[in-house]
Amino acid sequence: MGVLGVPWLYPTEVNALEVRAKGASLAMTSNWICNYAVVQATLPGVKNLGYKFWIVWGVICTAFIPITYLFYPETANRTLEDIDRYFDANREIIVCRNKLATQLSRPQIYIEEDERIAHVDEKAGDLEAGEKDRATVEEVA
Numbered sequence: 268m269g270v271l272g273v274p275w276l277y278p279t280e281v282n283a284l285e286v287r288a289k290g291a292s293l294a295m296t297s298n299w300i301c302n303y304a305v306v307q308a309t310l311p312g313v314k315n316l317g318y319k320f321w322i323v324w325g326v327i328c329t330a331f332i333p334i335t336y337l338f339y340p341e342t343a344n345r346t347l348e349d350i351d352r353y354f355d356a357n358r359e360i361i362v363c364r365n366k367l368a369t370q371l372s373r374p375q376i377y378i379e380e381d382e383r384i385a386h387v388d389e390k391a392g393d394l395e396a397g398e399k400d401r402a403t404v405e406e407v408a
């Protein structure tokens, strides 16, 4: 296990629907460029520094712990709509101070919003069904 799945999964979760494919493409491009750089740097690095070269990669990976904590909102237990709502309402770069961005369980505010939308859609569906029933009765008469 590691962070290798992040460039494949995270961009599709956090980008808005309109730019989701472009964001994933950009993430994959940067991922493969970085993979190529790692492959090109590893052999000369190991030849020159021996086992100590792996400390370089360890430092880089460790540096991403605070970066991830500070700048990446949690996406577990969230729908894509929840993430869109979060980014619509919050424009701050540092997310670790925002409870909606860091809690692991799905925020109650998003659950209530989904229930409200479902209730509105249900009422709209009932109205449409009633209009269809009236139209059918009028056609028969």
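Read in the numbering used here, the sequence shown has 343 at position 76, and its numbers run on one by one without any break. Just so you know, even glycine gets a beta-carbon here, dropped at the ideal spot from N, CA and C.
Per-residue burial, R364 [other beta carbons within 10 Å of its own, 16 or more giving buried]: Result: exposed.
Check whether A291 and T309 have beta carbons under 8 Å apart: No, the pair does not count as a contact, with Cβ atoms beyond the cut-off.
Start and end residues, alpha helix (DSSP H) containing Y277: In the DSSP assignment, Y277 falls within the unbroken alpha helix (DSSP H) covering 273-281.
Nearest-angstrom Cα separation, counted from L347 out to E341: Between E341 and L347, the C-alpha separation is close to 12 Å.
Classification of A368 by the beta-carbon crowding that lies within 10 angstroms, buried from 16 upward: So A368 ends up on the buried side.
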